[in-house]
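Taking full-length UniProt numbering, the leading residue of the sequence shown gets 1, the next gets one more, and so forth. For every residue, glycine included, the Cβ atom is placed at its ideal position computed from N, Cα and C.
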Amino acid sequence: MSSPVSQTQSQLANSGFPETPNGYGGSRSSHGDSGLHYSGNRRNNHHMNGGVNIHRKMHNSNRRKGDDASKYANAKLEDFTGQIYSLCKDQHGCRFLQRQLDLGGETSSGDKSLSKDVAATMIFNELYLKIVELMIDPFGNYLIQKLFESVSADQRLILVKNAAPDFIRIALDPHGTRALQKLVECISTPEESRIVIESLCPHVVSLSRDLNGNHVVQKCLQRLKPEDNQFIFDTASMHCGQIATHRHGCCVLQRCLDHGNSRQRRQLSLKVAEISTNLSLDPFGNYVVQYVLTRGDEKSISMILDHILSHIVSLSLHKFGSNVIEKSLRINHLTDTVIDVLLRNQKQFSLLLNDPYGNYVLQTSLDVASPADLAKLAASLQPFLPNIKNTPHGRRILTKIQNIL
Numbered sequence: 001m002s003s004p005v006s007q008t009q010s011q012l013a014n015s016g017f018p019e020t021p022n023g024y025g026g027s028r029s030s031h032g033d034s035g036l037h038y039s040g041n042r043r044n045n046h047h048m049n050g051g052v053n054i055h056r057k058m059h060n061s062n063r064r065k066g067d068d069a070s071k072y073a074n075a076k077l078e079d080f081t082g083q084i085y086s087l088c089k090d091q092h093g094c095r096f097l098q099r100q101l102d103l104g105g106e107t108s109s110g111d112k113s114l115s116k117d118v119a120a121t122m123i124f125n126e127l128y129l130k131i132v133e134l135m136i137d138p139f140g141n142y143l144i145q146k147l148f149e150s151v152s153a154d155q156r157l158i159l160v161k162n163a164a165p166d167f168i169r170i171a172l173d174p175h176g177t178r179a180l181q182k183l184v185e186c187i188s189t190p191e192e193s194r195i196v197i198e199s200l201c202p203h204v205v206s207l208s209r210d211l212n213g214n215h216v217v218q219k220c221l222q223r224l225k226p227e228d229n230q231f232i233f234d235t236a237s238m239h240c241g242q243i244a245t246h247r248h249g250c251c252v253l254q255r256c257l258d259h260g261n262s263r264q265r266r267q268l269s270l271k272v273a274e275i276s277t278n279l280s281l282d283p284f285g286n287y288v289v290q291y292v293l294t295r296g297d298e299k300s301i302s303m304i305l306d307h308i309l310s311h312i313v314s315l316s317l318h319k320f321g322s323n324v325i326e327k328s329l330r331i332n333h334l335t336d337t338v339i340d341v342l343l344r345n346q347k348q349f350s351l352l353l354n355d356p357y358g359n360y361v362l363q364t365s366l367d368v369a370s371p372a373d374l375a376k377l378a379a380s381l382q383p384f385l386p387n388i389k390n391t392p393h394g395r396r397i398l399t400k401i402q403n404i405l
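Given below as structure tokens:
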């Protein structure tokens, strides 16, 4: 770990850094009390005087913010040797350091004293032991993201090793998740990938179900090689129901189907198919079933159809299950099969017509049916129309059938 640090120390040892600029000052402004009303109550009077003090503090605070920004205007990175960590926690200091990584020690007037590599190494040397703290810092995380892009592969490996024991805490943090996603984007060596995989592997379920953590899993799916992502598919398949029925987890499974190779997609799709009936009844799981119907392999789709069509009426009457039936109707190569099963259940059409979800299944079937099936549906529905013609959904179905007949 000491080698990258020692290399840079030799580069910077004779730079002759100037002393850190002195602190700034500022005169306090005076405010009159003519606008204050004295109530005769000591507590109220204390409160009003406190209001003046607060106003003074706010005024001085605004001046300090301006001073903070201006003190970096013509500063050089060397001016802050030994103090870089403290700059990371300050908005203006953090922006200054990011600019140094972009420009290589350049001041706002264009003077340049360091190369980008030397600037990156100087910042790295003072921060590599503080990596976890800065990745979850509101300001520091932005600098660390840029540092991941700027350092050498050896330096980045040190950062990865230092942060790895806390990857889960970082991933669950609203600031840390962004920094960790950037790290996943930047890794370029098998060793870095191995460390990331080993650190995240035991926590795929909890990460997938977390507001912040799920984005780290999705970033791995997007950036790592399919074979490196196998740990995600293994866990997702083993805990399919637990992940699919969660607001964020269902999105992770859909991204798995987007980015996996054919074997991985088939592995996960078959697990979804096995529990597709239960998933179809879930507010989030139904989206996963629909996604497999559109992107899954032939065997998985066939399994899902077998399961959902054996419960076509009960699913059509369900708020979420009806979405799955409608999706299957709208997939061209499945339409005829689904309508055929619907027609075999025409004794239940009255129930479907009067149901707030079932009537949409029938409307969709009328929209997508072939001419031959359309005629069969119209004939089957016609006896029930007088009883529903005064309802909003009944009028829509009546209009569709009248256009056919």
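Span of the alpha helix (DSSP H) around residue i
{"i": "Asn359", "result": "Gly358 to Val368"}
{"i": "Leu211", "result": "Per DSSP, Leu211 belongs to no alpha helix (DSSP H) and is neither H nor E."}
{"i": "Gly296", "result": "No alpha helix (DSSP H) holds Gly296; DSSP gives it neither H nor E."}
{"i": "His333", "result": "Asn332 to Arg344"}
{"i": "Val272", "result": "Ser262 to Glu274"}
{"i": "Glu227", "result": "Taken as a continuous stretch (DSSP letters only), Glu227 belongs to no alpha helix (DSSP H), as it is neither H nor E."}
{"i": "Pro283", "result": "Neither: Pro283 is in no alpha helix (DSSP H) and is coded neither H nor E."}
{"i": "Asn403", "result": "Pro392 to Ile404"}
{"i": "Pro371", "result": "Pro371 to Leu381"}
{"i": "Val252", "result": "Gly249 to His259"}
{"i": "Asn141", "result": "Gly140 to Ser150"}
{"i": "Ile312", "result": "Ile312 to Ser316"}
{"i": "Ile388", "result": "From DSSP, Ile388 is part of no alpha helix (DSSP H); its letter is neither H nor E."}
{"i": "Gln242", "result": "Cys240 to Ala244"}
{"i": "Phe320", "result": "Element bounds for Phe320: n/a, residue is neither H nor E."}
Pair within 7 Å by beta-carbon distance, residue i and residue j
{"i": "Thr337", "j": "Leu329", "result": "no"}
{"i": "Glu280", "j": "Val324", "result": "The question names Glu, but residue 280 is Ser in the sequence shown. Cβ atoms of Ser280 and Val324: closer than 7 Å."}
{"i": "Leu352", "j": "Gly358", "result": "yes"}
{"i": "Asp166", "j": "Ser193", "result": "no"}
{"i": "Ala244", "j": "Cys251", "result": "no"}
{"i": "Gln98", "j": "Lys130", "result": "no"}
{"i": "Ile397", "j": "Ala369", "result": "no"}
{"i": "Leu253", "j": "Val288", "result": "yes"}
{"i": "Ser310", "j": "Ala273", "result": "no"}
Chain-order list of residues whose beta-carbon lies under 8 Å from that of residue i (same chain, five-residue window excluded)
{"i": "Val184", "result": "Val196, Val216, Lys219, Cys220, Arg223 and Leu224"}
{"i": "Phe233", "result": "Cys256, Gly260, Gln264, Gln267 and Leu268"}
{"i": "Phe349", "result": "Leu362, Ser380, Leu381 and Phe384"}
{"i": "Gly176", "result": "Met135, Ile136, Asn141, Arg169, Ile170 and Asn212"}
{"i": "Pro138", "result": "His175"}
{"i": "Thr189", "result": "Ala153 and Leu157"}
{"i": "Ser86", "result": "Gly93"}
Close-in-space but distant-in-sequence residues of the same chain around residue i (CB under 6 Å, 5 per side omitted)
{"i": "Gly296", "result": "Ser269"}
{"i": "His307", "result": "Ser276 and Thr277"}
{"i": "Ser39", "result": "Bear in mind that a pLDDT of 39 at Ser39, under 50, signals an unreliable position, so the model cannot answer this."}
{"i": "Gln100", "result": "Leu77 and Ala119"}
{"i": "Ala163", "result": "Ile131 and Val132"}
{"i": "Thr8", "result": "Residue confidence is low: Thr8 scores 43 on pLDDT, short of 50, so the model does not pin down where it sits. No coordinate-derived value is stated."}
{"i": "Gly285", "result": "Ala244, Thr245 and Leu279"}
{"i": "Gln346", "result": "Ser380"}
{"i": "Ile144", "result": "Leu134, Met135 and Ala179"}
{"i": "Ile388", "result": "Leu353 and Gly394"}
{"i": "Val160", "result": "Glu192 and Ile195"}
{"i": "Cys88", "result": "Cys94, Leu134, Gly140 and Leu143"}
{"i": "Arg64", "result": "Since pLDDT at Arg64 reaches only 48, below the 50 mark, its modelled position is unreliable, and the value read off the structure follows with that caveat. No residues qualify anywhere along the chain."}
Proximal residues to residue i (C-beta, below 7 Å), its chain only, five neighbours per side dropped
{"i": "Lys327", "result": "Gln290 and Leu293"}
{"i": "Gly104", "result": "Lys112, Leu114, Ser115, Lys116 and Ala119"}
{"i": "Lys271", "result": "Ser237 and Cys240"}
{"i": "Lys319", "result": "Tyr357"}
{"i": "Gln181", "result": "His215, Val216 and Lys219"}
{"i": "Cys186", "result": "Phe148, Glu149 and Arg156"}
{"i": "Asp210", "result": "Leu172 and His248"}
{"i": "Glu191", "result": "Leu157"}
{"i": "Leu315", "result": "Ser280, Ile308, Gly321, Ser322, Val324 and Ile325"}
{"i": "Cys201", "result": "Phe231"}
Worksheet item: Which ranges would you report for the alpha helix (DSSP H) in the stretch 65-138 if only whole runs of at least 4 residues count?
Response: 84-88, 91-103, 116-127 and 131-135
Fill in: Within the stretch 156-214, ranges of the alpha helix (DSSP H) (whole runs, at least 4 residues)
167-171, 176-186, 190-200 and 204-208
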